[in-house]
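If you read the sequence shown in the working numbering, its first letter stands for residue 614, the second for the next number, and so on. The structure appears below as C-alpha coordinates.
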Amino acid sequence: MTTAAIAPHAADHKTTGTYVGQKGIWNWLTTVDHKRIGTLYLFTALGFFLIGGLEAILIRAQLGGPNRELVSAELYNQLFTMHGTTMIFLAIMPLSAAFFNFLIPLQIGARDVAFPRLNAFSYWVYLFGGIFMTVPIFFAMAPDGGWFAYAPLTTKAYSPGMNIDFWVIGLQILGVSSLAAAFNFLTTIINLRAPGMTL
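Shown next as C-alpha coordinates:
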(Lines of atoms letter the chains of each structure in order from A and count residues from 1; the text may use other names and numbers.)
(Lines give C-alpha, C1' and ligand atoms only; values in the text may rest on other atoms or scores of the structure.)
Protein backbone atom coordinates (compact mmCIF):
# COMPACT_ATOMS: atom_id res chain seq x y z
CA MET A 1 0.00 0.00 0.00
CA THR A 2 1.32 3.40 -0.91
CA THR A 3 0.64 6.63 0.81
CA ALA A 4 0.63 10.06 -0.68
CA ALA A 5 2.12 12.98 1.11
CA ILE A 6 0.20 16.22 1.07
CA ALA A 7 2.25 19.29 0.44
CA PRO A 8 2.22 21.65 3.43
CA HIS A 9 1.05 24.63 1.38
CA ALA A 10 -2.00 22.74 0.06
CA ALA A 11 -3.66 22.68 3.47
CA ASP A 12 -3.32 26.45 3.80
CA HIS A 13 -4.76 27.14 0.36
CA LYS A 14 -7.76 29.45 0.47
CA THR A 15 -10.39 29.45 -2.21
CA THR A 16 -10.38 32.66 -4.20
CA GLY A 17 -12.59 33.85 -6.99
CA THR A 18 -15.79 32.40 -5.59
CA TYR A 19 -18.94 34.32 -4.77
CA VAL A 20 -19.05 33.17 -1.17
CA GLY A 21 -17.09 35.08 1.40
CA GLN A 22 -16.23 38.19 -0.59
CA LYS A 23 -16.77 41.36 1.38
CA GLY A 24 -16.22 45.06 0.97
CA ILE A 25 -17.24 47.79 -1.41
CA TRP A 26 -14.76 46.78 -4.11
CA ASN A 27 -16.33 43.35 -4.37
CA TRP A 28 -19.76 44.94 -4.78
CA LEU A 29 -18.42 47.19 -7.53
CA THR A 30 -16.77 44.33 -9.42
CA THR A 31 -19.27 41.55 -8.77
CA VAL A 32 -20.65 39.25 -11.43
CA ASP A 33 -22.95 37.37 -9.03
CA HIS A 34 -26.54 37.56 -10.25
CA LYS A 35 -27.94 38.12 -6.75
CA ARG A 36 -25.59 41.00 -6.01
CA ILE A 37 -26.29 42.60 -9.37
CA GLY A 38 -30.00 42.18 -8.67
CA THR A 39 -29.46 43.95 -5.35
CA LEU A 40 -27.60 46.78 -7.10
CA TYR A 41 -30.45 47.11 -9.60
CA LEU A 42 -33.00 47.11 -6.77
CA PHE A 43 -31.40 49.83 -4.66
CA THR A 44 -30.48 51.99 -7.64
CA ALA A 45 -34.03 51.76 -9.01
CA LEU A 46 -35.43 52.64 -5.58
CA GLY A 47 -33.09 55.65 -5.46
CA PHE A 48 -34.36 56.83 -8.83
CA PHE A 49 -37.90 56.14 -7.62
CA LEU A 50 -37.29 58.61 -4.78
CA ILE A 51 -35.94 61.18 -7.24
CA GLY A 52 -39.04 60.73 -9.40
CA GLY A 53 -41.18 61.11 -6.29
CA LEU A 54 -39.46 64.38 -5.41
CA GLU A 55 -40.10 65.61 -8.94
CA ALA A 56 -43.77 64.70 -8.54
CA ILE A 57 -43.97 66.53 -5.21
CA LEU A 58 -42.54 69.68 -6.80
CA ILE A 59 -45.03 69.39 -9.67
CA ARG A 60 -47.97 68.97 -7.27
CA ALA A 61 -46.76 71.76 -5.01
CA GLN A 62 -46.70 74.08 -8.01
CA LEU A 63 -50.26 73.06 -8.91
CA GLY A 64 -51.47 73.18 -5.29
CA GLY A 65 -52.94 76.64 -5.59
CA PRO A 66 -53.60 79.41 -8.08
CA ASN A 67 -50.76 81.66 -9.20
CA ARG A 68 -48.08 79.66 -7.42
CA GLU A 69 -44.53 80.48 -8.38
CA LEU A 70 -42.64 77.76 -6.56
CA VAL A 71 -40.78 76.88 -9.77
CA SER A 72 -40.49 78.70 -13.08
CA ALA A 73 -42.50 77.62 -16.12
CA GLU A 74 -39.36 76.25 -17.77
CA LEU A 75 -38.36 74.25 -14.69
CA TYR A 76 -41.93 72.96 -14.37
CA ASN A 77 -41.78 71.57 -17.93
CA GLN A 78 -38.40 70.02 -17.17
CA LEU A 79 -39.69 68.43 -13.96
CA PHE A 80 -42.77 67.14 -15.77
CA THR A 81 -40.69 65.55 -18.52
CA MET A 82 -38.11 64.09 -16.17
CA HIS A 83 -40.73 62.73 -13.77
CA GLY A 84 -42.20 60.51 -16.48
CA THR A 85 -38.80 59.46 -17.75
CA THR A 86 -37.45 58.76 -14.28
CA MET A 87 -40.41 56.69 -13.16
CA ILE A 88 -40.61 54.53 -16.29
CA PHE A 89 -37.04 54.17 -17.57
CA LEU A 90 -35.07 54.57 -14.34
CA ALA A 91 -37.36 53.03 -11.70
CA ILE A 92 -40.09 50.66 -12.94
CA MET A 93 -38.22 48.93 -15.79
CA PRO A 94 -35.01 48.39 -13.78
CA LEU A 95 -37.05 46.95 -10.91
CA SER A 96 -38.07 44.17 -13.28
CA ALA A 97 -34.38 43.61 -14.10
CA ALA A 98 -33.69 43.33 -10.36
CA PHE A 99 -36.29 40.60 -9.94
CA PHE A 100 -35.20 38.85 -13.14
CA ASN A 101 -31.63 38.74 -11.84
CA PHE A 102 -32.77 37.25 -8.57
CA LEU A 103 -35.34 34.78 -9.81
CA ILE A 104 -34.54 33.48 -13.29
CA PRO A 105 -31.37 31.51 -12.43
CA LEU A 106 -33.00 30.12 -9.29
CA GLN A 107 -36.20 29.08 -11.06
CA ILE A 108 -34.48 27.27 -13.91
CA GLY A 109 -31.82 25.60 -11.76
CA ALA A 110 -28.84 27.53 -13.13
CA ARG A 111 -25.84 28.60 -11.08
CA ASP A 112 -25.82 32.07 -12.64
CA VAL A 113 -26.95 33.88 -15.77
CA ALA A 114 -25.45 32.88 -19.11
CA PHE A 115 -23.17 35.92 -19.35
CA PRO A 116 -22.31 37.26 -15.88
CA ARG A 117 -20.01 40.00 -17.17
CA LEU A 118 -22.65 41.17 -19.65
CA ASN A 119 -25.04 41.27 -16.70
CA ALA A 120 -22.66 43.54 -14.78
CA PHE A 121 -22.10 45.64 -17.91
CA SER A 122 -25.85 46.07 -18.26
CA TYR A 123 -26.15 47.39 -14.71
CA TRP A 124 -23.27 49.85 -15.02
CA VAL A 125 -24.56 51.17 -18.35
CA TYR A 126 -27.99 51.63 -16.71
CA LEU A 127 -26.42 53.57 -13.83
CA PHE A 128 -24.38 55.74 -16.20
CA GLY A 129 -27.46 56.43 -18.35
CA GLY A 130 -29.49 57.33 -15.28
CA ILE A 131 -26.86 59.75 -14.05
CA PHE A 132 -26.47 61.15 -17.56
CA MET A 133 -30.20 61.91 -17.69
CA THR A 134 -30.63 63.16 -14.12
CA VAL A 135 -27.66 65.51 -13.68
CA PRO A 136 -28.60 68.05 -16.43
CA ILE A 137 -31.60 69.26 -14.39
CA PHE A 138 -29.15 70.89 -11.96
CA PHE A 139 -27.69 72.92 -14.85
CA ALA A 140 -31.07 73.89 -16.38
CA MET A 141 -30.36 71.48 -19.24
CA ALA A 142 -33.08 68.91 -18.55
CA PRO A 143 -35.49 68.07 -21.37
CA ASP A 144 -38.75 69.98 -21.51
CA GLY A 145 -40.67 68.18 -24.23
CA GLY A 146 -43.30 66.52 -22.04
CA TRP A 147 -43.81 62.83 -21.31
CA PHE A 148 -44.34 61.82 -24.92
CA ALA A 149 -41.86 64.20 -26.59
CA TYR A 150 -44.18 65.05 -29.45
CA ALA A 151 -42.43 66.55 -32.46
CA PRO A 152 -43.51 70.19 -32.13
CA LEU A 153 -42.29 70.39 -28.53
CA THR A 154 -38.91 68.83 -29.27
CA THR A 155 -37.95 70.99 -32.24
CA LYS A 156 -35.38 73.78 -31.93
CA ALA A 157 -38.13 76.41 -32.05
CA TYR A 158 -39.78 75.16 -28.85
CA SER A 159 -36.82 73.54 -27.13
CA PRO A 160 -33.62 75.41 -27.97
CA GLY A 161 -30.36 74.22 -26.53
CA MET A 162 -29.06 70.75 -25.73
CA ASN A 163 -31.97 69.68 -23.50
CA ILE A 164 -33.60 67.18 -25.84
CA ASP A 165 -30.21 65.99 -27.10
CA PHE A 166 -29.19 64.94 -23.58
CA TRP A 167 -32.52 63.20 -23.15
CA VAL A 168 -32.32 61.26 -26.43
CA ILE A 169 -28.70 60.21 -25.82
CA GLY A 170 -29.62 59.13 -22.28
CA LEU A 171 -32.50 57.03 -23.62
CA GLN A 172 -30.14 55.40 -26.12
CA ILE A 173 -27.70 54.56 -23.33
CA LEU A 174 -30.55 53.01 -21.33
CA GLY A 175 -31.59 51.12 -24.46
CA VAL A 176 -28.14 49.52 -24.68
CA SER A 177 -28.50 48.41 -21.07
CA SER A 178 -31.96 46.95 -21.70
CA LEU A 179 -30.84 45.09 -24.82
CA ALA A 180 -27.83 43.60 -23.04
CA ALA A 181 -30.01 42.44 -20.13
CA ALA A 182 -32.70 41.03 -22.44
CA PHE A 183 -30.14 39.11 -24.50
CA ASN A 184 -28.61 37.71 -21.33
CA PHE A 185 -31.93 36.65 -19.79
CA LEU A 186 -33.19 35.02 -23.00
CA THR A 187 -29.95 33.09 -23.43
CA THR A 188 -30.07 32.02 -19.79
CA ILE A 189 -33.66 30.77 -20.06
CA ILE A 190 -33.07 28.90 -23.32
CA ASN A 191 -29.63 27.37 -22.67
CA LEU A 192 -29.20 26.96 -18.91
CA ARG A 193 -32.38 25.17 -17.89
CA ALA A 194 -32.03 22.14 -15.65
CA PRO A 195 -32.08 18.79 -17.47
CA GLY A 196 -35.65 17.77 -18.25
CA MET A 197 -37.10 21.27 -17.85
CA THR A 198 -39.01 22.39 -20.92
CA LEU A 199 -40.23 25.78 -22.01
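Glycine is no exception: its CB is placed at the ideal position from the N, C-alpha and C atoms.
In this structure, L766 keeps its C-beta atom at 9 Å or more from the C-beta atom of F702. Contact check for F661 against T699 passes: the beta carbons are separated by less than 9 Å. Apart from the 5 residues on each side of it in sequence, Q675 sits with its Cβ closer than 7 Å to the Cβ of R681, L683, V684, Y689 in its chain, given in chain order. Taking 8 Å as the upper bound for CB-CB distance, A807 and I721 are in contact here, some 6 Å apart. For T747, the closest C-alpha among the options Y654, E668, G637 is that of E668.
Under the three-state reduction of DSSP, Y763 is assigned to coil, being neither helix nor strand. Ranked by Cα distance from K648, the first of L671, G665, A658, F712 is F712. Inter-residue distance for G774 and M754 is about 8 Å (C-alpha atoms, whole angstroms).
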